[in-house]
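> Once you've had a glance at the structure underneath, I'll fire off some questions.
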Amino acid sequence: MTSRLSRIPRSDALDNRERILEAARALFATEGLNVPLREVARRADVGPATLYRHFPTKEILATEAFADQMRVCHDVVDGGLADPDPWHGFCSVIERICELHARDRGFTAAFVSTFPRAVDFTAGRDYALRAIAELAGRAKEAGNLRHDFVLDDLVLMLMANNGIQATSTAARVAASRRFAAFVIQAFQAAPEQAPLPPVARLALVLPGMTL
Numbered sequence: 226m227t228s229r230l231s232r233i234p235r236s237d238a239l240d241n242r243e244r245i246l247e248a249a250r251a252l253f254a255t256e257g258l259n260v261p262l263r264e265v266a267r268r269a270d271v272g273p274a275t276l277y278r279h280f281p282t283k284e285i286l287a288t289e290a291f292a293d294q295m296r297v298c299h300d301v302v303d304g305g306l307a308d309p310d311p312w313h314g315f316c317s318v319i320e321r322i323c324e325l326h327a328r329d330r331g332f333t334a335a336f337v338s339t340f341p342r343a344v345d346f347t348a349g350r351d352y353a354l355r356a357i358a359e360l361a362g363r364a365k366e367a368g369n370l371r372h373d374f375v376l377d378d379l380v381l382m383l384m385a386n387n388g389i390q391a392t393s394t395a396a397r398v399a400a401s402r403r404f405a406a407f408v409i410q411a412f413q414a415a416p417e418q419a420p421l422p423p424v425a426r427l428a429l430v431l432p433g434m435t436l
């Protein structure tokens with residue numbers, strides 16, 4: 226009985242783990258993956274040793290911190306695959322993936338990075354990419370997606386989307402929606418001049434500057 230109880234995490238250990246994850250999600254979302262683990266520990270109000278006891282590497286911490294985002298990502302691509310119109314499904318994936326990544330800068334960095342010690346995250350990313358590749362193939366067969374589209378273009382899109390600098394998360398999401406509209410037109414076999422989403426105020430654009 227004593228041996229079995231010793232293997233059950235204490236409530237304070239569970240509390241520490243949740244605080245670390247909460248701090249990591251907040252910092253990764255706003256600052257990206259370059260945040261030092263020491264800062265994560267400080268935000269979580271735990272010592273570095275406690276953090277490393279729960280998460281020996283940043284890869285393991287990121288895998289746990291982004292588990293919910295990865296599940297949402299899977300739901301997005303599964304929804305696209307289920308759409309009877311492959312082009313509509315493909316566009317929906319682009320729009321929703323851009324917004325998901327715009328809300329969390331760290332998730333984009335993790336998604337496009339190679340985490341050799343984070344097997345679960347790599348598997349989840351590979352699943353999403355394979356699903357998008359299948360959806361892209363269907364959209365090409367339907368004649369809607371340009372024939373020279375490759376998955377590297379998707380990664381390039383995510384990296385560009387991650388580079389959006391805005392004054393707030395809401396502004397970044399609004400800018401991301403407009404960016405996604407541009408990208409969809411670029412990916413379309415016969416681009417249509419569809420109306421774009423509203424312009425978002427970005428950090429590098431000064432008031433009064435117009436074209």
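Quick note on numbering: our numbering labels position 168 of the sequence shown as 393, and the sequence is numbered without any gaps. The beta-carbon is built from N, C-alpha and C at its ideal position, and this holds for glycine as well. Predicted model only: the values in this text are computed from it and were never measured.
1. Could you tell me which residues DSSP puts in a beta bridge with leucine 370?
2. Whose CA, out of Ala399, Tyr277 and Glu417, lies closest to the CA of cysteine 323?
3. How about glutamine 507 and arginine 371: do their beta carbons lie closer than 8 Å?
4. Which complete beta strand (DSSP E) runs does the segment 251 to 303 hold, if anything under 3 residues is left out?
5. What is the DSSP secondary structure of alanine 391, counted as helix, strand or coil?
6. I need the straight-line Cα distance from valine 265 to phenylalanine 315, nearest angstrom please.
7. Please confirm if the segment 238 to 247 is in contact with the segment 267 to 286, defined as three or more CB-CB distances below 8 Å between the two stretches.
8. List the endpoints of the continuous alpha helix (DSSP H) containing proline 311.
9. Using the beta-carbon count (16 or more within 10 Å), is aspartate 300 buried or exposed?
10. Using 10 angstroms around the beta-carbon of phenylalanine 336, count the other beta-carbons present and answer buried if the total reaches 16, otherwise exposed.
11. Proline 261 to glutamine 390, Cα distance in whole Å?
12. Buried or exposed for alanine 327, please, with buried defined as at least 16 other CB atoms from any protein chain shown within 10 angstroms of its CB.
13. Taking 8 Å as the cut-off, decide whether the C-beta atoms of serine 317 and glycine 304 are in contact.
14. Are there 16 or more other CB atoms within 10 angstroms of the CB of asparagine 259, so buried, or fewer, so exposed?
15. From the DSSP output, in three-state form, read off aspartate 308 for me.
On the basis of the supplied data:
1. Gln413
2. Ala399
3. Because the chain in this structure spans residues 226 to 436, residue 507 falls outside the shown range and cannot be described.
4. As far as the segment 251 to 303 is concerned, it has no whole beta strand (DSSP E) run of at least 3 residues.
5. strand
6. 36 Å
7. The segment 238 to 247, when compared against the segment 267 to 286, does touch it at the 8 Å Cβ threshold.
8. First-last of the alpha helix (DSSP H) with proline 311: 311 to 328.
9. exposed
10. buried
11. A straight-line Cα-Cα distance of about 21 Å links proline 261 and glutamine 390.
12. buried
13. yes
14. exposed
15. When DSSP states are grouped into helix, strand and coil, aspartate 308 belongs to the coil group.
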